[in-house]
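Asker: Submitted below is the structure of interest, expressed as structure tokens.
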Amino acid sequence: MTIRNLNHLFAPASVAVIGASDRPGSVGATVWRNIASGGFQGALWPVNRRHARVAGCLAYAGIGELPAAPELAVICTPAPTVPGLVRDLGAAGCRAAIVISAGLDAGAGDGRSLRQAMLDAARPWLLRILGPNCVGLLVPRIGLNASFAPAAALPGRLAFVAQSGALVTAVLDWAAARRIGFSCFVSLGDGTDVDFGDLLDYLAADEGTDAILLYAESVRQARKFMSAARGAARGKPTLVVKAGRGAGAARAAFSHTGALAGADLVYDAALRRAGMLRVFTTAELFDAVSMLARTRPPAGARLAILTNGGGPGVMAADALDDAGGVLATLDGVTLDRLGQGLPALWSRANPVDIIGDAPAERYRHALEVLLAAPGLDAVLLIHAPTAIVPSEDIARVLLPLAAATTRPVLCCWMGGPSVAQARRLCIDAGLPVFDTPEEAVKGFQQLVDYRRNQAVLMQAPGPGELGAPDRAAARARITTLLAQGAEAVGEDATKALLAAYGIPVVATEAVADPAAALAAARRLGYPVALKIRSPDIVHKTDVGGVALDLADEAALMAALDAMQARLRQQCPAARLDGFTVQVMARRPHALELIAGISTDPVFGPVVLFGHGGIAVEVTADQAIGLPPLNRVLAADLVSRTRVARLLAGYRGRPPADLDAVCDVLVRIGQLAADLPELVELDINPLLADADGVVALDARMRLQQVEPGREGSARLAILPYPDHLERQMHSAVGPLKLRPIRPEDAAAHVAFFQALTPEDVHMRMFGQMRTLTPQQLARFTQIDYAREMAFIATRPLPGGGAETLGVARAVTDPDGERAEFAVTVRSDLKGRGLGRLLMDCLLDYCAARGVAVVEGLALAQNTRMQALARALGFDLTAAADGMVAMRLRLESAA
């Protein structure tokens with residue numbers, strides 16, 4: 011369940027408080043007082059089996075005594091009573107309850123916990139439960155305060171959802187003092203039924219909510235959360251404070267990758283991929299949403315700083331550097347134009363210091379030049395007050411320029427009363443205003459991060475970006491290894507798997523003894539590297555188990571003898587299974603990287619990248635991405651590490667082949683998606699230089715797959731479903747019917763341009779001449795867990811393919827209903843394409859368990875209506891000259 015019956019939580023016509031009380035200090039008394047005094051206009055009914063009246067109001071002894079079934083019930087009674095109350099409420103017709111009570115982990119006496127008994131009691135009625143162990147719910151616009159919070163919430167257009175009850179009460183008090191209002195304020199509590207995913211789905215469609223703010227401590231259903239979060243973030247700013255960021259989440263593991271993939275890094279990657287903005291304090295949360303509401307995100311990350319004091323400008327530049335930001339470089343033309351209106355002693359650089367005595371006209375000139383200059387994306391104005399010119403005069407001169415530009419202009423008015431009027435003028439004009447340079451830079455970086463995360467959100471990796479891997483060979487190797495009982499898999503077998511996926515590896519042979527090592531070296535050619543093979547040694551270098559650049563047979567023999575001696579001395583109990591011999595890779599300018607896979611208990615497999623080598627834990631320079639990846643997502647992953655700067659080249663060293671690095675990460679993402687048995691993969695070092703990449707060492711850990719976790723079931727983001735592709739013959743020749751993917755964008759534009767204006771009107775219910783980039787992304791970059799679009803494609807003579815038609819279904823968050831649409835290229839109508847596409851779409855919906863497929867058509871769209879009738883749809887007249895089409899499916903799931 012997701013959004014079903016949540017309307018009864020947020021817009022009930024009647025509310026019953028079970029356990030309402032007069033006892034001072036009790037939860038029941040506080041909830042009743044809050045709800046009775048909040049201004050709610052619906053019916054309110056206290057339920058108390060011991061007292062006839064509560065706070066002067068007629069009380070009811072039980073649920074069966076109420077005048078009608080309440081649309082919402084608030085339960086404040088002891089935990090053992092909750093399952094029975096939920097059962098009685100459901101039977102009476104109630105469809106939503108807030109369970110304030112805690113302690114439901116206790117046993118119910120029949121082998122179940124009270125929590126499970128509560129869920130079992132609610133299930134037959136689809137009764138939704140917020141909580142248990144929560145503070146409650148506030149919906150200020152209808153005067154509903156169904157909580158025991160000490161303060162009410164002001165009306166507004168921000169939705170706030172928190173897992174922590176203590177934070178709920180603190181933020182309510184904090185927000186009231188700052189006159190911040192809310193569309194709703196939700197204490198999630200244990201989130202046993204209604205969780206973050208449900209609320210994100212509901213709030214994404216709530217017309218009274220402009221932005222969604224979350225305080226999260228944990229997520230349980232990763233794919234549900236990611237789909238809901240991505241859907242919400244597409245339409246509304248969605249900001250998160252994620253608690254639990256400590257290093258204690260790091261753990262010992264089989265590989266470096268497993269040890270480094272801490273839980274907070276994974277959450278950070280998930281929130282980024284979902285298009286959300288993560289902040290770290292509640293104050294930052296509200297500052298950020300205010301910034302996003304006032305300022306459009308910049309086109310890039312380059313900031314110009316305009317200041318009347320050198321010190322504040324340097325402070326801002328330092329803060330920008332600390333945050334990993336980009337100080338814009340001003341070209342010669344811009345510097346010359348600035349100099350035409352500035353005194354001779356101005357800084358001639360960014361920050362642009364226009365000197366402390368600057369009058370308003372000097373500010374106007376400098377800002378006008380910067381807003382027209384190339385090479386920058388936003389301007390930060392910093393002003394320290396002087397006695398020469400009133401600050402408000404400067405603000406009045408600058409506001410028209412800020413209003414006329416598409417670039418963000420941020421203002422830092424340093425000081426107190428002397429800049430208060432200037433600050434107020436800018437706030438009233440909708441500009442973001444800050445008290446210090448550091449706060450202003452932090453605000454700018456939030457804008458940059460939000461823009462980047464929104465760009466990441468629009469990425470939906472398709473198949474075959476780098477060519478198909480040899481999945482059959484990889485699958486056979488995994489099956490063989492597991493049949494042999496192998497879990498910790500060494501270098502030679504791991505490299506063979508990498509090679510099947512097109513990841514460059516150094517030629518390596520696994521051998522059993524020194525004689526075989528000498529023979530392998532002769533085959534491979536000197537110089538060689540030698541490594542021990544032992545299931546009991548995690549890191550070979552710790553015991554001298556690696557020897558490099560062995561030039562000849564004598565050097566190899568000496569290394570073999572020394573290696574065995576060290577192992578006997580340092581780890582006498584360790585098993586020695588043999589050695590690996592590999593070609594020595596001589597790449598003196600290469601950087602050592604680490605790349606691999608770890609498996610998070612919540613979000614499933616993740617891809618890790620960072621600075622590698624034997625000191626990888628010490629450098630602690632890594633970032634994480636959720637598979638599947640494409641080159642854009644891989645490049646974003648690389649950019650979040652410090653080693654990215656080294657990869658760009660330094661001190662005469664040429665840049666590394668970043669495309670080759672990204673290709674490896676994309677292929678690792680394919681491994682994670684294709685092979686559920688692969689729980690850890692460690693490539694360290696992965697050498698990267700101008701000539702490309704090569705894996706020197708690698709290992710992996712395998713695990714038998716749990717039932718229900720086969721294929722992509724463990725992924726938080728569903729990958730492209732290539733198993734749904736179909737080849738078929740049609741009246742227009744051979745076709746491929748397949749799910750749409752991002753690479754189809756250009757073909758989709760051509761398809762749209764081939765539609766007649768009449769057909770566009772029939773499909774879009776209006777006139778459109780072109781698709782905006784946002785619309786194109788929305789049509790081609792889809793969440794396969796929530797929607798599906800099948801396209802019919804035909805090969806073009808010169809290569810590539812053209813799109814001939816598309817059938818699309820978007821399911822509701824419950825997966826119960828799907829809204830469909832189908833369009834065929836105008837010159838191919840009447841050739842059976844619509845029927846082929848709809849048959850494919852309906853088969854898919856039935857297999858997914860969708861119960862009802864429905865859509866709308868214009869009354870004059872007789873072709874669509876005829877197709878719907880032929881497919882078994884029921885047609886009825888709808889409002890505004892529309893025809894509703896509805897088909898009930900027999901599920902194939």
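With this note's numbering applied, the sequence shown corresponds to residues 11 to 903, in that order.
Even for Gly, the Cβ is constructed at its ideal location relative to N, Cα and C.
Let's see if you can read the secondary structure: which residues bound the alpha helix (DSSP H) around Arg240?
Answerer: Counting along the chain, the alpha helix (DSSP H) containing Arg240 begins and ends at Ala232 to Gly245.
Asker: Whose C-alpha, out of Thr396, Leu377 and Leu639, is nearest the C-alpha of Leu420?
Answerer: Taking the Cα of Leu420 as reference, the smallest distance to any Cα among Thr396, Leu377 and Leu639 is reached at Leu377.
Asker: Which residue spans inside the region 419–478 form an unbroken beta strand (DSSP E) run of at least 3?
Answerer: 419–423
Asker: Keeping to the same chain, check which residues put their C-beta closer than 6 Å to that of Arg261; ignore five residues upstream and five downstream.
Answerer: Here the model assigns Arg261 a pLDDT of 47, short of 50, so the residue's position is not dependable and the matter cannot be decided.
Asker: Count the other CB atoms, across all protein chains shown, that sit within 10 Å of the CB of Pro361; report buried if there are 16 or more and exposed otherwise.
Answerer: buried
Asker: Spatial neighbours of Ala903 within its chain, please: CB distance less than 8 Å, with the 5 preceding and 5 following residues excluded, ordered by chain position.
Answerer: Residue confidence is low: Ala903 scores 47 on pLDDT, short of 50, so the model does not pin down where it sits. Its coordinate-derived value is still stated next. Excluding sequence neighbours, Ala903 sits near Ala856, Ala857, Arg858 and Gly859.
Asker: Take Ala413 and list the residues in its own chain whose beta-carbon comes closer than 8 Å to its own, dropping the five residues that flank it on each side.
Answerer: Ala439
Asker: Give me the DSSP bridge partner(s) of Lys505.
Answerer: Note: Lys505 sits in no beta bridge, so no partner.
Asker: Would you report the Cα separation of Gln785 and Met286, rounded to the nearest angstrom?
Answerer: 20 Å
Asker: Among Leu899, Ala309 and Asp824, which one has its Cα closest to the Cα of Tyr212?
Answerer: Asp824
Asker: For Val676 and Ala539, what's the separation of their Cα atoms in angstroms?
Answerer: 28 Å
Asker: By the three-class DSSP mapping on this structure, what secondary structure does Pro717 have?
Answerer: coil
Asker: Is it the case that the Cβ atoms of Ile392 and Pro322 are separated by a distance below 9 Å?
Answerer: For Ile392 and Pro322, yes; Cβs fall inside 9 Å.
Asker: Indicate whether the contact test is met: 3 or more Cβ pairs, each with one atom in the region 555–563 and one in the region 485–498, closer than 8 Å.
Answerer: no
Asker: Which residue from Pro22, Val515 and Gln126 puts its Cα closest to that of Arg151?
Answerer: If you compare the alpha carbons of Pro22, Val515 and Gln126 with that of Arg151, the shortest gap goes to Pro22.
Asker: Looking only at its chain, what residues have a beta carbon closer than 6 Å to the beta carbon of Ala112, apart from the 5 residues adjacent to it on each side?
Answerer: Asn143
Asker: Quick check: the region 122–129 against the region 92–103, are at least 3 beta-carbon pairs closer than 8 Å?
Answerer: yes
Asker: Any contact between the region 401–417 and the region 334–354? By contact I mean 3 or more CB pairs, one from each, below 8 Å.
Answerer: The region 401–417 is not in contact with the region 334–354.
Asker: Across which residues does DSSP place Pro805 in a beta bridge pair?
Answerer: Ala811
Asker: Please report how far the alpha carbon of Ala645 lies from the alpha carbon of Ser836, in whole angstroms.
Answerer: 39 Å
Asker: Would you mind reading off the limits of the alpha helix (DSSP H) that contains Asn17?
Answerer: Asn17 to Phe20
Asker: Going by DSSP in three states, Asp837 sits in which element: helix, strand or coil?
Answerer: In the displayed model, Asp837 falls within a helix according to three-state DSSP.
Asker: Would you call the region 277–296 and the region 652–660 in contact, with 3 or more CB pairs under 8 Å?
Answerer: The answer is no - the region 652–660 does not touch the region 277–296, with fewer than three Cβ pairs under 8 Å.
Asker: Assuming Val276 and Phe762 form a contact by the criterion Cβ under 8 Å, report the distance between their Cβ atoms to the nearest whole angstrom.
Answerer: Actually they are not in contact, since the Cβ atoms of Val276 and Phe762 sit about 38 Å apart, beyond 8 Å.
Asker: Touching or not, the region 48–63 and the region 153–161, by the rule of three or more beta carbon pairs under 8 Å?
Answerer: Contact between the region 48–63 and the region 153–161 is present, because at least three Cβ pairs lie under 8 Å.
Asker: DSSP has Phe800 in a bridge; who is on the other side?
Answerer: Pro749 and Ala817
Asker: Does the beta-carbon of Arg661, which I'm using as the reference point, lie nearer than 8 Å to any heavy atom of the ligand SAH?
Answerer: Inclusion of the ligand SAH in the displayed structure is not the case, the ligand content being empty and no account of it being possible.
Asker: If I measure Cβ to Cβ from Arg827 and keep anything under 8 Å in the same chain, skipping five residues before and after, which residues do I get?
Answerer: Thr821, Val860, Ala861, Val862, Val863 and Glu864
Asker: Under a three-way DSSP split, which group does Arg167 fall into?
Answerer: strand
Asker: For Gly241 versus Ala214, is the C-beta distance shorter than 9 Å?
Answerer: Yes, the Cβ-Cβ distance between Gly241 and Ala214 is below 9 Å.
Asker: Report the CB separation of Ser608 from Glu690 in whole angstroms; it is logged as a contact under 8 Å.
Answerer: 6 Å
Asker: Helix, strand or coil, according to DSSP, for Val145 in the structure here?
Answerer: Of the three classes helix, strand and coil, the one that applies to Val145 here is coil, per DSSP.
Asker: Indicate the three-state DSSP secondary structure (helix, strand or coil) for Asp692 in the structure shown.
Answerer: strand
Asker: Could you spell out the range, first to last residue, of the alpha helix (DSSP H) harbouring Cys850?
Answerer: Leu843 to Ala857
Asker: Along the chain, which unbroken stretches of the alpha helix (DSSP H) at least 4 residues long are found entirely within the region 493–553?
Answerer: Counting whole runs of 4 or more residues, the region 493–553 contains the alpha helix (DSSP H) stretches 501–510 and 524–534.
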